[in-house]
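In the working numbering, the protein residues as written are 125 to 338.
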């Protein structure tokens with residue numbers, strides 16, 4: 125009986141080889157030959173799955189985004205909304221050796237976007253996903269604080285929401301989500317270049333989560 129080849133698993137192995145090459149030698153070192161050598165496969169075998177360097181790099185970037193997304197979606201939904209929000213946000217920071225390597229590879233891939241247009245699309249998808257995640261967390265935290273729904277301050281004399289009030293609150297939610305997004309991005313970069321305990325960054329996140337839920 126012929127052996128079944130799991131193409132998805134092989135492609136994932138090759139993507140991880142791309143990440144290792146980038147982490148060790150930079151994105152400029154990524155080629156069909158260097159990745160094949162890193163993955164210990166024949167060049168012809170790699171080309172069967174990824175005929176070009178561009179396809180290989182784009183798949184590697186997409187897989188990285190998928191894995192981060194899968195990790196976040198797998199987080200248990202805690203009863204304490206603040207703790208759940210901190211769990212999600214911490215998953216976006218380079219708090220482990222693997223997390224640091226992942227962010228370094230991600231930055232290298234973003235820098236390559238002008239030369240590989242497909243990477244710009246993947247970058248934008250990842251950025252939009254993070255924006256949605258931040259908005260979702262802000263809504264949860266504001267709801268806990270009683271400042272997100274129609275029971276929030278700003279209803280009219282009959283307790284009904286006016287269109288203007290709803291629009292104002294939606295803008296405020298968007299601003300808070302953008303602030304949270306920028307905070308996560310900034311903390312991630314600072315953690316990447318600083319050694320030592322990451323507790324200071326988690327303290328900053330905790331303070332922001334407390335502010336949103338107050």
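The beta-carbon is built from N, C-alpha and C at its ideal position, and this holds for glycine as well.
Q. Which residue from 338, 169, 304, 240 puts its Cα closest to that of residue 137?
A. Selected option, being the one with the closest Cα: 169.
**Q.** Per-residue burial, residue 308 [other beta carbons within 10 Å of its own, 16 or more giving buried]
**A.** buried
Q: Please report the Cβ distance between residue 178 and residue 223, rounded to the nearest whole angstrom; I am assuming they are in contact, meaning their Cβ atoms lie under 8 Å.
A: So it is not a contact: roughly 27 Å between Cβ atoms.
Q. Which word fits residue 218, buried or exposed, when buried means at least 16 other C-beta atoms lie within 10 angstroms of its C-beta?
A. Buried, by the Cβ-count rule.
Q) If you follow the alpha helix (DSSP H) that residue 169 is part of, which residue opens it and which one closes it? A) 167-173
Q) Going by beta carbon distance, what residues of the same chain come within less than 8 Å of residue 147, once the five residues before and after it are set aside? A) 225, 228, 229
Q) Nearest CA to the CA of residue 155: which residue from 133, 182, 130, 134? A) Considering only alpha carbons, the answer is 182.
Q. Leaving out five residues before and five after residue 210 in sequence, what residues of the same chain have Cβ atoms less than 7 Å from its Cβ?
A. Cβ neighbours of residue 210 beyond the five flanking positions: 329, 330, 333.
Q | Contact between the region 195-206 and the region 293-306 (3+ Cβ pairs under 8 Å) | A | no
Q) In angstroms, rounded to a whole number, what distance separates the CA positions of residue 252 and residue 305? A) 10 Å
Q) What number of angstroms, rounded off, separates the C-alpha of residue 144 from the C-alpha of residue 161? A) 11 Å
Q) Whose C-beta lies closer than 8 Å to the C-beta of residue 255 among residues of the same chain, with five residues either side of it excluded? A) 301, 302, 305
Q) Assuming residue 337 and residue 268 make a contact with CB atoms under 8 Å, what is their CB distance in whole Å? A) 5 Å
Q. The alpha helix (DSSP H) with residue 244 in it runs from where to where?
A. 241-269
Q: Locate the alpha helix (DSSP H) running through residue 223, then write down its first and last residues.
A: 221-235
Q. At which residues does the alpha helix (DSSP H) containing residue 214 begin and terminate?
A. Note, residue 214: alpha helix (DSSP H), 205-215.
Q | Residue range of the alpha helix (DSSP H) that includes residue 134 | A | 131-149
Q: For residue 246, I'd like the list of residues in its chain whose CB is within less than 6 Å of its CB, leaving aside the five on either flank, ordered along the chain.
A: 185, 186
Q: Classify residue 153 as buried or exposed, calling it buried when 16 or more other Cβ atoms lie within 10 Å of its own Cβ.
A: exposed
Q | Sequence-distant residues of the same chain with beta carbon closer than 6 Å to residue 172, five excluded per side | A | Counting only residues of its own chain and dropping the five nearest sequence neighbours on each side, residue 172 has no CB closer than 6 Å to any other CB.
(Q) For the alpha helix (DSSP H) containing residue 199, name the first residue and the last one. (A) Unbroken run through residue 199: none, as it is neither H nor E.
Q.
According to DSSP, simplified to helix, strand and coil, what is residue 191?
A. helix
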